[in-house]
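What follows is one structure encoded as structure tokens, with my remarks underneath.
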Amino acid sequence: MKAAVMRAPNAPLSIEEVTISKPGPREVLVRLGAVGVCHSDVHFWDGAFPAEMPVILGHESAGVVEQVGSMVSAVKPGDHVVSILSPFCGTCEFCLTGHMSVCHTVNGEQFKRAPTEAPRLSIGKEKVNQFLNLSSFAEQILVHENTLCVIDKDMPMDRACLIGCGVITGVSSVFHAAKVEPGSTVAVLGCGGVGLSTINGAAIAGASRIIAVDLSDEKLAMAKKFGATDFVNPRNGDPVEQVKELTRGGVHYAFECVGLKQTAEQGYMMMRPRGVMTVIGMIPPGVNIEIPGIELLVTEKRLQGAVMGSNRFRVDFPRLVTLYKQGRLHLDDLVSDRIGLDGLTGALQNLKDNKGSVARQVVMFDS
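Take 667 as the starting number for the sequence shown in the working numbering and just add one per residue.
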């Protein structure tokens, strides 16, 4: 199969022929139809997060099941599926208490092949590392069955793939992590793909005021399509004071969708007492968030994180597909461009450069 291989940070990805193994007992081979290019991929491509090379990046994918292992029961050949980077085992404490999204952070090894087995991906005798147990910048993926969710076959692949990361992270953080109440006020810091999805989720949840915060006026204009009611550009003054002025004291909920220390701290300070601040941006390793300790005590503000929207993806994905079909989830407006594998390096650079017109670039494969 053809795949975009990363051999060095900040270098062009090389399109190479990669050998993909046959499915093991609980593995599934999927031929991909579309893959979204996510800012999380950029964090590994530019070296902000470590990656063992050579590696195939990519994780926001949708496709059709081609082969299944002997013990697979969740999917069958011909099924249309969306992948996720947070698989679940189904037996640990987190799964059994309804917190499946955390499972992969403590049970990650069981979703990989054992060191004694042949690698899933290789080029000749060279092992190619699998990114987040997915490696979706390729024509096919070989994954554990608990990485996949079956969706309706009439769902377009270029919209379906977006559900697998950016959309589930933003929308489900609103529903599951923060539990935004109807009529409440919300601030969303960062209007990339995840931030726009968070805004969309807040609108679906019935928030009365949704304040989009971004340095790009182009992205703020996009945010209006997704349900934002107010717009704050930090270039025009202190964003905390701007939000407090708009809401007469602060918002009920804030979401940090950038992955920066500064925006996380600003989001916390934008809230009124009893507010809930949820960090969903990828803050780099070694970076600490600083907030006044007394604020936690006297205002009862809460600071929390949410990995992949605290999802239950086999329940959430079909619901998100339904919301899209109802016209309430604006996936069409998320797609900024459709490209091939050879356009990936440019797409990653666009995200790194924070181009204002870019929400989600999608790699399309020939059917």
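Cβ coordinates follow ideal geometry from the N, Cα and C atoms, glycine included.
C-alpha distance - residue i paired with residue j, whole-angstrom precision
i     : j     : result
Q733  : A878  : 44 Å
K1021 : Y919  : 27 Å
E811  : D745  : 12 Å
L1017 : A780  : 34 Å
R994  : L1010 : 30 Å
L1007 : I681  : 7 Å
V942  : I789  : 47 Å
E931  : I957  : 6 Å
K885  : K688  : 43 Å
R978  : V730  : 21 Å
L962  : R968  : 7 Å
G925  : G856  : 9 Å
V741  : S802  : 18 Å
S882  : R1026 : 16 Å
L679  : V708  : 12 Å
M935  : C923  : 15 Å
G975  : L1000 : 18 Å
S764  : I955  : According to the sequence provided, residue 764 is Gly. The question's Ser does not apply to it. If you take the alpha carbons of G764 and I955, they lie about 28 Å apart.
G832  : L1014 : 15 Å
M948  : Q928  : 13 Å
F710  : L800  : 14 Å
I834  : V747  : 15 Å
A873  : P939  : 18 Å
Q992  : D998  : 13 Å
G916  : V909  : 6 Å
M672  : F1031 : 19 Å
I946  : A669  : 29 Å
I865  : A972  : 16 Å
V852  : V1029 : 32 Å
Own chain residues within Cβ distance below 8 Å of residue i, not counting five before or after
i     : result
V772  : C758, F760
V987  : I817, D818, M821, A826, I829
G867  : G836, V837, S838, S839, V840, F841, V846
M737  : P691, R692
G1012 : I1005
L695  : I686, K688, P689, V731, E732, Q733, V734, Q806, I807, L808
N676  : W711, D712, G713
Segment limits, alpha helix (DSSP H) that includes residue i
i     : result
P984  : 979-991
G859  : 859-871
E907  : 905-913
S706  : 705-711
S838  : 834-838
R825  : 823-828
G1012 : 1010-1018
I1005 : I1005 -> not in any alpha helix (DSSP H); beta strand (DSSP E) instead, spanning 1001-1005.
G959  : 959-965
T771  : 769-772
Spatial neighbours of residue i in its chain, beta-carbon cut-off 7 Å, leaving aside the 5 residues before and after
i    : result
K793 : P785
Q776 : C755
K778 : N799
For residue i, the first and last residue of its enclosing beta strand (DSSP E)
i    : result
F921 : 917-922
S882 : Careful: S882 lies outside any beta strand (DSSP E) and carries neither H nor E.
F760 : Taken as a continuous stretch (DSSP letters only), F760 belongs to no beta strand (DSSP E), being part of the alpha helix (DSSP H) at 759-762.
L855 : 851-855
For residue i: DSSP bridge partner residues
i     : result
Q733  : L695
E931  : For E931, which the question treats as bridged, DSSP gives no partner whatsoever.
K793  : S788
L814  : S749
K668  : E683
S727  : V701
L969  : M943
R1026 : V1001
D896  : I877
A804  : A669
V809  : V694
M888  : Note: M888 sits in no beta bridge, so no partner.
I722  : Q796
M937  : V917
Same chain, Cβ closer than 6 Å to residue i, five either side skipped, listed in chain order
i    : result
L989 : L995
A844 : Y919, V942, T944
Y795 : Looking at the sequence itself, residue 795 is Asn, so the reference to Tyr does not match. Answer for N795: E718, V721, listed in chain order.
M766 : F754, R978
H770 : S752, P753
Q970 : T944
G933 : L855, A920, E922, M943
Cβ-heavy atom distance, residue i to the ligand ADP, below 6 Å
i    : result
Q970 : This structure lacks the ligand ADP; in fact it carries no ligand of any kind.
Cβ of residue i within 7 Å of any chain D Cβ
i    : result
H709 : Protein chain content of the structure displayed is limited to a single chain, and chain D is not contained in it.
Meets three-Cβ-pair contact criterion under 8 Å: the region 857-868 and the region 887-907
Contact holds: three or more Cβ-Cβ distances are below 8 Å.
Between the region 721-728 and the region 691-710, are three or more C-beta pairs nearer than 8 Å?
yes
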